[in-house]
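To start, the structure under review is shown below, and the notes come after it.
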């Protein structure tokens, strides 16, 4: 299964988190929001100007800029 | 006898914490600041069953690490001030992420009561929750509440009192894998051997050390045992450790949730349906702009009659007192100084009330997060957060509520920059100045000139923001990690409380500075220049060449002469600091045109100043020192005279440079002379 | 997902969409001093920005009807949001009217020759349609504390 960074995933796709590659403080904040490895993330939509991106995770909606999403390594799931 | 206990209210943002706070304390609340920072500290009192409770509303946080100011405040309060009990408000529609904070609170060893808020909504969403089972698992009281309706609050208070009287609980709500537990144990032994650490819950401190919490490591470095601690920390594969810990916390929560509730995930929720529309690729931005237009219209048209009422009332009051008081200077001080000063504070109140009412509707409904989501790309370009957009737009009406609206921006640096550049957005009070000058000098092209000034204001604001981001307020952009909460119907009561709190802050804190400024200018205009022989406070002296302000005008004339301004303009600009629209009135008096604006316009057009200098004056008016009201709120919101002064010097400097360049180059090439 | 019969919603969206768009365009035309002839009769004053807002609301409805005809069930979201938006604007126009009326009593000099009907805008009387809509579909808007727009079962 191909590994990709989260910012490259098309809307209306579900993925699973593999690893966080950002700096420690960013990584910690992302973890606190529940994006732990193994978590399922649904890419909902991009903002009208293409950035940030909205995700559904653990039953709530979260938005990240592409810059932050780039630090999340994911694999696609069905 | 009444017992006194301190109750801290914790919870994630957007979980109804404020509703719980309002439901418990009613109107007995006061707002202060957390020590050293300008984040609001809300406190309230409630006497219930012989117990006096001091409720402290902690900032909404997702976690208790130290990566945001809010988290540091919450954590420091819990550790340093040791409240008797912590009530965590949990959003029943979003258990998993909310319980993550609970685990951290429990690790911190505080006594916890959980308010399971909005259970009705969870049911509406099709989720089933068994709160008794949660209570069993976590071993803390779990009380369902519907705070917006006041349901469950008494039961919550009962539980608080009961729990507060119990002995302190042990602090290991969840256990980690063996390796971690081993290290936690080793660390705990070291920590317990040093008095330095007695202040902190040792298990929590050990876990934070393992997680690599910078703040905690710094504290540990100051102890004698740090070498021993470092030995153990070296064993951890640092990179993955906090991932491992967060992962284990979430796994424990998930395992519990599987047994206590049944979450419906299949259906498209109402919020998702609304989001499909309001963040739609084509329609999202137009809808946002339309709503902004509506808010703007309402803030400024609906406030007009009330502002006129205040204006008329204070005009009447000033006139009436002037008649009653026979001493001329005293009449002038009371009428033109104090009463006019209070009037200039109160006149903004209708605007502020309306704007904050609408902002709280937007915040409480959940639309604010969407607005930030939509506009973030634009604001991100200049290094700001999406939320900075709304205050800047509001600035077109009045900079005062605009600066207060920056309270919705969490990142302190983003907020500071937004405050500092907001005065460059051309507000309504500057329009009369443009209308007069552009009308006098540019006739049919006045519209284009005025539009150009608005555009210049935006440009200066944007470029200044970018400039500050790369120089004085340099630093990495705050990461954009924002929850898009479910939409909710805001309650009128909640929005009114919110609105009134802000208005109180404006009146109390900014009001004083504004009043002092206005009276100060009155003094300058009323004190006769030494040797002029004028009478203090007399009508002949007020604002004339023989008054102190006249002298100042002459004194600063050399400074503004290169811009094509004479002493009269200098005086008008000084008066303009009271309120920008006064520039026009003062010029009328100084050029001997009286109150009649048409007359003044004719005098100006007949050659009292060149069109080029007129254009320069408009640019100067746009950019220089904002009005006293604005200075007052900048001071209040930044909490610092340094930054207030920075804004004044920066703005006035820019104004001077722009007007200078315009006038000097323009007159050399014969443009508009 | 199987398709749900949404004929009523579709019809409503088309009607509201067309009406709001037309009136919005008329507003803008008047604002650009193009005489349409019927504007005065329908209380349409020149107002470019206000007109643009009506066009936006109209577009929301029309966008929804396009999605519904394509068989996207969630297209109905646009109808609900359109209804909410048009009610917001109706309220804004009514409050503006009230504000100006109050102001004309306080400072009559500024309002010489002004009549309150100058503020009577299509945004107000067009709002009757979404008002009927929200009453008809009120069981889908559960507005207690959270906005739950229930899917048609």
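Chains as they are written, first to last, in our numbering: chain V, 881 to 958; chain Y, 16 to 688; chain Z, 7 to 159. Quick reminder that beta carbons are idealized off the backbone N, C-alpha and C, glycines included.
Helix or strand or just coil, what does DSSP make of residue 922 of chain V? strand
Helix, strand or coil for residue 950 of chain V? Go by DSSP, reduced to three states. coil
Which ranges does the alpha helix (DSSP H) cover as unbroken runs of at least 4 residues, wholly within the region 95–122 of chain Y, from first to last along the chain? 110–122
At the 8 Å Cβ level, is residue 392 of chain Y part of the contact set with chain V, yes or no? yes
Any beta carbon from chain Y within less than 8 Å of residue 890 of chain V's own beta carbon? no
Compare the C-beta of residue 15 of chain Z with all C-beta atoms of chain Y and state if any pair is closer than 8 Å. no
In angstroms, rounded to a whole number, what distance separates the CA positions of residue 521 of chain Y and residue 441 of chain Y? 21 Å
Using alpha carbons as the reference points, say which of Y:424, Y:370 and Y:346 lies closest to residue 384 of chain Y. Y:424
Taking the straight line between their C-alpha atoms, what separation do you get for residue 484 of chain Y and residue 50 of chain Z? 46 Å
Look at the Cβ atom of residue 189 of chain Y, then the Cβ atom of residue 118 of chain Y, and state whether they are nearer than 8 Å. yes
What does the alpha-carbon distance come out to for the pair residue 409 of chain Y and residue 585 of chain Y? 29 Å
Against chain V, which members of the region 284–300 of chain Y pass a CB distance test of less than 9 Å? 286, 287, 290, 291, 294, 295, 296, 297, 298, 299 and 300
Sort Y:379, Y:461 and Y:444 by Cα distance to residue 499 of chain Y and report the nearest one. Y:379
Tell me the DSSP bridge mates of residue 131 of chain Y? Y:105 and Y:159
Apart from the five residues just before and just after residue 91 of chain Z, which ones in its own chain have a Cβ nearer than 6 Å to its Cβ? 63
Where the beta strand (DSSP E) containing residue 67 of chain Y begins and where it ends: 66–72
Please name the residue or residues paired with residue 44 of chain Y in a DSSP beta bridge. Y:59
Exposed unless 16 or more other CB atoms sit within 10 angstroms - verdict on residue 181 of chain Z: In the structure as shown, chain Z starts at 7 and stops at 159, and residue 181 of chain Z therefore has no counterpart that could be examined.
Note the first and the last residue of the continuous beta strand (DSSP E) segment covering residue 23 of chain Y. 18–26
Is there a Cβ of chain Y sitting closer than 8 Å to that of residue 52 of chain Z, yes or no? no
Roughly how many angstroms separate the alpha carbons of residue 620 of chain Y and residue 631 of chain Y, rounded to a whole number? 15 Å
What are the residues in the region 476–500 of chain Y lying within 7 Å of chain V by C-beta distance? 494, 495, 496, 497, 498 and 499
Can the beta-carbon of residue 98 of chain Y be found closer than 8 Å to that of residue 88 of chain Y? no
Could you give the distance in angstroms between the alpha-carbon of residue 382 of chain Y and the alpha-carbon of residue 302 of chain Y? 11 Å
What is the DSSP secondary structure of residue 173 of chain Y, counted as helix, strand or coil? helix
Which of the three DSSP states is assigned to residue 645 of chain Y in this structure? helix
What does residue 953 of chain V reach in chain Y if we use C-beta pairs closer than 8 Å? Going along chain Y, no residue has its Cβ under 8 Å from residue 953 of chain V, so there is no contact; the nearest lies around 12 Å.
Taking three-plus beta-carbon pairs below 8 Å as touching, is the region 65–73 of chain Y in contact with the region 19–26 of chain Y? yes
Among Z:117, Z:61 and Z:136, which has the Cα closest to the Cα of residue 34 of chain Z? Z:61
Spatial neighbours of residue 264 of chain Y within its chain, please: C-beta separation below 7 Å, excluding the five flanking residues on both sides. 115, 118 and 189
Helix, strand or coil at residue 116 of chain Z according to DSSP, with G and I counted as helix: helix
Boundaries of the alpha helix (DSSP H) in which residue 657 of chain Y is found, first to last residue: 656–684
In angstroms, rounded to a whole number, what distance separates the CA positions of residue 24 of chain Z and residue 133 of chain Z? 14 Å
Which of the three DSSP states, helix, strand or coil, is assigned to residue 955 of chain V? strand
Take residue 536 of chain Y and list the residues in its own chain whose beta-carbon comes closer than 6 Å to its own, dropping the five residues that flank it on each side. 593
Mapping the DSSP letters down to three states, classify residue 207 of chain Y as helix, strand or coil. helix
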